[in-house]
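Written below as structure tokens is the structure these notes are about.
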Amino acid sequence: MDDDEVLDAVGPRLRGCRQVLGLNLTELAERSGITASTISRLERGLVRPSLEQLLPLARVYGLPLDDLVAAPRVGDPRVHLKPVRRYGLTFIPLGVPTGGLQGFKVIYPPSSKSRLPKFNTHPGREWFYVLSGAVTLALSDQRTVLYAGEAAEFDTMTPHWIANAHPERSAEIIALYGIQGERVHVAEV
24 MDDDEVLDAV GPRLRGCRQV LGLNLTELAE RSGITASTIS RLERGLVRPS
74 LEQLLPLARV YGLPLDDLVA APRVGDPRVH LKPVRRYGLT FIPLGVPTGG
124 LQGFKVIYPP SSKSRLPKFN THPGREWFYV LSGAVTLALS DQRTVLYAGE
174 AAEFDTMTPH WIANAHPERS AEIIALYGIQ GERVHVAEV
């Protein structure tokens with residue numbers, strides 16, 4: 024990819040990041056200090072962003088500047104895994120965000136069956152593969168327990184949640200999320 028191709032892709036990446044966070048232009052403008060009209064022009068590729076514009080956007084999106092603009096990688100191709108703990112789970116990104124598919128290893132701690140998660144819905148599809156343990160997948164009123172070596176894929180407009188099926192052992196999955204499902208949707212307990 025040459026420099027012009029990288030720069031031409033920045034606008035759509037900026038829009039994708041904003042949409043993944045569920046922000047409208049006004050909300051992003053308030054958080055970043057950049058006017059909504061400027062953000063709109065940046066996202067549509069009418070102007071190329073300056074460093075002064077990219078830095079606050081990177082802060083709002085929680086992304087390194089290189090990832091925000093999809094700067095070409097140089098040197099070591101290994102992914103440096105940085106686990107993040109959210110909602111009582113551990114998420115390990117398996118690659119850098121590219122605006123396309125994003126892979127995660129998700130670790131579910133042992134769970135109590137006394138509280139069931141709340142259902143989620145969002146545009147897109149989700150796919151996951153159970154590495155170890157067992158997880159319960161709820162799709163509307165249907166519950167399915169998946170064990171190590173099994174996988175599931177479903178339309179995420181169907182109300183759903185995923186939880187550890189075992190009260191004494193952790194479960195681990197590999198999950199893929201596309202542009203419509205990049206934000207990991209974890210059910211609240």
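Just so we're on the same page, my numbering is the position in the sequence shown counted from 1, plus 23. Backbone N, C-alpha and C define an ideal beta-carbon position, used for all residues, glycine too.
Pair within 7 angstroms by beta-carbon distance, residue i and residue j
i: P133; j: W184; result: no
i: T179; j: V168; result: no
i: A194; j: Y131; result: yes
i: G118; j: V107; result: no
i: L154; j: F177; result: no
i: P116; j: T144; result: no
Supposed close pair residue i, residue j - CB separation, criterion 8 angstroms
i: G156; j: A174; result: Actually they do not touch by this definition, with Cβ atoms about 14 angstroms apart.
i: K128; j: I197; result: 6 angstroms
i: L65; j: L37; result: 6 angstroms
Residue i (DSSP reduced to helix, strand or coil)
i: G126; result: strand
i: P116; result: strand
i: E191; result: coil
i: L65; result: helix
i: Y84; result: helix
i: L104; result: coil
i: R206; result: Since pLDDT at R206 reaches only 49, below the 50 mark, its modelled position is unreliable, and the value read off the structure follows with that caveat. R206: coil per DSSP, three-state reduction.
i: T49; result: helix
i: E28; result: helix
i: V153; result: strand
i: A93; result: coil
i: Q176; result: Gln is not the amino acid found at residue 176; the sequence shown has Glu there. E176 falls in the strand class under three-state DSSP.
i: R41; result: helix
i: A161; result: strand
i: L78; result: helix
i: R71; result: coil
Close-in-space but distant-in-sequence residues of the same chain around residue i (CB under 7 angstroms, 5 per side omitted)
i: L51; result: R41, I62, V83
i: S55; result: P79, L80, V83
Residues of its chain near residue i, where Cβ-Cβ distance is below 8 angstroms and the 5 sequence neighbours each way are ignored
i: V29; result: V92, A93, A94, P95
i: F189; result: The residue you asked about is not Phe; residue 189 is His in the sequence shown. Closer than 8 angstroms at Cβ, skipping near neighbours: P133, S134, G156, A157.
Chain-order list of residues whose beta-carbon lies under 6 angstroms from that of residue i (same chain, five-residue window excluded)
i: T113; result: P106, I130
i: E257; result: The structure shown does not extend to residue 257, since the chain spans only 24 to 212, so no value can be given for it.
i: A186; result: S134, P140, T159
i: P100; result: none
i: G68; result: G34
- Task: State whether the segment 24–35 contacts the segment 64–80, with contact taken as three or more CB pairs (one from each stretch) at a distance under 8 angstroms.
- Result: A contact is defined here as three or more CB-CB pairs under 8 angstroms, and the segment 24–35 meets this definition with respect to the segment 64–80.
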